[in-house]
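S.K.:
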Amino acid sequence: MSEKTIKFEFEKHNKNSIRYKEVPENGMPPVLGSIYVQKWFAGDSKNIEVTIKTEN
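Structure below.
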């Protein structure tokens, strides 16, 4: 099993959600790209982190 934490920064407000764009590590392609997080959860956060675990 491997685990990766991906950093995102604010990109755009939508009606009920906020779009965040991935900040890729140097020389690496994005893992997820952009994600949408509901406003009730994200609040005013300009940066978020998402952790992904892979299972075999």
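Going by my numbering, the sequence shown opens with residue 1251, and the numbers climb by one from there.
Cβ atoms here follow ideal geometry from the backbone N, Cα and C, with glycine treated the same way.
Which parts of the stretch 1262 to 1301 are runs of the alpha helix (DSSP H), unbroken and 4 residues or longer, counting only runs that do not cross its ends?
M.R.: 1289 to 1292
S.K.: How many Å lie between Thr1255 and Ser1295 at the Cα?
M.R.: 17 Å
S.K.: Please determine, among Phe1291, His1263, Val1300, Gly1293, the residue with the shortest C-alpha to C-alpha distance to Pro1280.
M.R.: Val1300
S.K.: Quick check: Lys1303 and Ser1267, are their CB atoms within less than 8 Å of each other?
M.R.: no
S.K.: Please state whether DSSP places Glu1305 in a helix, a strand or coil.
M.R.: coil
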